[in-house]
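Shown next, in structure tokens, is the structure this report addresses.
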Amino acid sequence: VQLQASGGGLVQPGGSLRLSCTASGSSSIGDFMAWYRQVPGKQRELVAGTSGRGTTTNYAPSAKGRFAISRDNAKNTVYLQMNSLKPEDTAVYYCYLRDTFNAFFWGQGTQVTVSS
């Protein structure tokens, strides 16, 4: 499975961005997909995750109410809509997939910078 993430960039505080991650290869509808983020010197942390059919989602406390994860299984794509962005959201965001055999895969990361 290969994961291609896009959508990062520079945004002002209070702004919005939408990240996209498309899976290619042997991905399937049962795969768990998520977004993590990492800043230098810190561990990678879960931001949001979604079950295979998108019926179950979970969010980090810092993301609840501001971020929304969704997926389009017809396009093998997961999205992260980020609103009301704060400087502390600045990080490299990584797409993650765990398949039905519990193998997991990471995307290449996309930089999100929130700054005025």
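Residue numbering for the sequence shown follows this note's numbering, starting at -5 and increasing by one per position.
Where is the CB? At the ideal position from N, CA and C, for every residue including glycine.
Under the Cβ criterion (8 Å, minimum of three pairs), the stretch 23 to 38 counts as touching the stretch 77 to 88. Secondary structure note for T104: its beta strand (DSSP E) is the uninterrupted segment T104 to V108. The residue from L74, L4 and S56 with its alpha-carbon nearest to that of A62 is L74. Looking at the backbone, the Cα of R65 and that of S0 are separated by about 14 Å. D83 sits in a helix when the DSSP states are folded into three classes.
Pairing A42 with L91 gives a Cβ-Cβ distance that is not under 8 Å. In the structure shown, the three-state DSSP call for Q75 is strand. In the displayed model, Q37 falls within coil according to three-state DSSP, outside both helix and strand.
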